[in-house]
Amino acid sequence: MLSVENVTVRRGRAQVLNDVSLTLAPGKTLAVVGESGAGKSTLIAAILDLVRVAAGQITWAGAPVRRCSPALVMQEPRRAFNPHLSLRRSVMEPLEAQGHVIDTSHLTTLCAGLEIALDLLDRRPTEVSIGQAQRVGILRALIAAPPLVLFDEPLSALDAVTQKHTARLIADLQREAGFAALIVTHDLGYAAAYADDIAVLRAGQVQERTPAARFVTAPQTDYGRTLRDAAFALGALERVA
Ligand SMILES: Nc1ncnc2c1ncn2[C@@H]1O[C@H](COP(=O)(O)OP(=O)(O)OP(=O)(O)O)[C@@H](O)[C@H]1O
Ligand SMILES: [Mg+2]
86 MLSVENVTVR RGRAQVLNDV SLTLAPGKTL AVVGESGAGK STLIAAILDL VRVAAGQITW
146 AGAPVRRCSP ALVMQEPRRA FNPHLSLRRS VMEPLEAQGH VIDTSHLTTL CAGLEIALDL
206 LDRRPTEVSI GQAQRVGILR ALIAAPPLVL FDEPLSALDA VTQKHTARLI ADLQREAGFA
266 ALIVTHDLGY AAAYADDIAV LRAGQVQERT PAARFVTAPQ TDYGRTLRDA AFALGALERV
326 A
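Residue numbers (the working numbering): 86 to 326.
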């Protein structure tokens, strides 16, 4: 279980996370939504130990999160890779550095699940589409079978068709691999369709945490309702799972 307890993070003089508490059980999906600047990426950085936590604590199964080797999928897939390396090197190098041995059949199975042709991995990040690069980003995240995967806007760089396809692939892989997913997204339609729970972050504070299906019909806070209504106005909300 990921446990974020009373976490405060300051950046400069601003308090960008203010007494944030959240939990995420193994295998479950928590979507974190909220407007730009709410602190969503900062929450991910805090979980990954990339920013200093001024107060509170963050653990996985009672131990520091880094011990479970959590993985991150970033928003801009092509920029997430070293432009000078083949995608294969970018996927394999961090693993080799940690002394992991990945058997080829595991790589092949994951690539099949992500609909990545194996020879695509011989290209550099600028030589593939953004959708392909994001699938390789997900491959890199999942290859060492982490129990916890953090997604920071994993679909926002993709076109609508590719978004749907990639969302489905992530959900299918999660069902097979059983990782817990914390997904930061602006896209309430995505959150409502795929997450178990939705946490609403505003100005560094958690406003509410609501089962995704219920959030669509009955957000618990005025701000939650505002977000929900804005998504309805765009015709985005549709519960598919
Ligand atoms: N390195 C930094 N130094 C100072 N302030 C920062 C830094 N990174 C983020 N901030 C500030 O922290 C606040 C939260 O930023 P954060 O990136 O977590 O928001 P976000 O919810 O991810 O927004 P977005 O949806 O636009 O990605 C913002 O006010 C931002 O300006
Ligand atoms: Mg962000």
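Backbone N, C-alpha and C define an ideal beta-carbon position, used for all residues, glycine too.
Alpha carbon to alpha carbon, how far is residue i from residue j?
i: Glu293; j: Ala278; result: 18 Å
i: Ala130; j: Val136; result: 6 Å
i: Met86; j: Glu178; result: 28 Å
i: Thr402; j: His250; result: Since the first residue of the chain shown is 86 and the last is 326, residue 402 is not available in this structure.
i: Ile283; j: His185; result: 34 Å
i: Phe300; j: Ala265; result: 20 Å
i: Val117; j: Pro232; result: 18 Å
i: Gly263; j: Ile255; result: 11 Å
i: Ala288; j: Gly309; result: 13 Å
i: Gly141; j: Asn91; result: 5 Å
i: Asp104; j: Gln290; result: 7 Å
i: Gln100; j: Leu203; result: 45 Å
i: Leu180; j: Gln259; result: 20 Å
i: Val176; j: Asp272; result: 27 Å
i: Ala252; j: Val221; result: 14 Å
i: Gly274; j: Leu267; result: 16 Å
i: Gln183; j: Ser190; result: 20 Å
i: Arg96; j: Ala139; result: 10 Å
i: Leu109; j: Val269; result: 13 Å
i: Arg313; j: Leu205; result: 39 Å
i: Leu192; j: Ala156; result: 16 Å
i: Ala297; j: Ile187; result: 36 Å
i: Asp134; j: Ile201; result: 31 Å
i: Arg174; j: Arg98; result: 40 Å
i: Ala226; j: Asp307; result: 36 Å
i: Ala245; j: Val213; result: 18 Å
Tell whether a beta-carbon distance below 7 Å holds between residue i and residue j.
i: Val285; j: Gly122; result: no
i: Thr127; j: Val94; result: yes
i: Gly216; j: Leu243; result: yes
i: Leu199; j: Leu172; result: no
i: Thr114; j: Asp281; result: yes
i: Val89; j: Leu102; result: no
Quick check on residue i - is its C-beta less than 7 Å from some C-beta in chain D?
i: Ala130; result: The structure shown contains no chain D; it is built from a single protein chain.
Is residue i near ligand 4, with its Cβ less than 6 Å from a heavy atom?
i: Ala280; result: Here the bound small molecules are ligand 1 and ligand 2; ligand 4 is not part of this structure.
Using a Cβ-Cβ cut-off of 6 Å (strictly less than) and excluding sequence neighbours within five positions of residue i, which residues of its own chain qualify?
i: Thr295; result: Ile283 and Gln305
i: Ala218; result: Pro162, Arg163 and Pro210
i: Thr247; result: Gly216
CB-CB under 7 Å to residue i, same chain, minus the five flanking residues each way: which ones, in chain order?
i: Ala229; result: Ser154, Leu180 and His185
i: Ala197; result: none
i: Lys125; result: Val117, Gly119, Val269 and Leu286
Going by beta carbon distance, what residues of the same chain come within less than 8 Å of residue i, once the five residues before and after it are set aside?
i: Gly112; result: Gln259, Gly263, Phe264 and Ala265
i: Glu261; result: Gly198
Extract the residue ranges of the alpha helix (DSSP H) inside the region 169-196, only unbroken runs of 4 or more that lie entirely within it.
172-182
Flag this pair as touching only if the region 302-317 and the region 141-153 have three or more C-beta atom pairs under 8 Å; answer yes or no.
no
Cβ contact check for the region 155-171 and the region 202-212: 3 or more pairs under 8 Å:
yes
Hey, which unbroken runs of the alpha helix (DSSP H) at 4 residues or more fall wholly within the region 220-289?
245-262 and 273-279
Check whether the region 158-165 and the region 232-246 touch, using three or more Cβ-Cβ pairs below 8 Å as the test.
yes
Complete runs of the beta strand (DSSP E) confined to the region 126-153 [at least 3 residues]:
140-145
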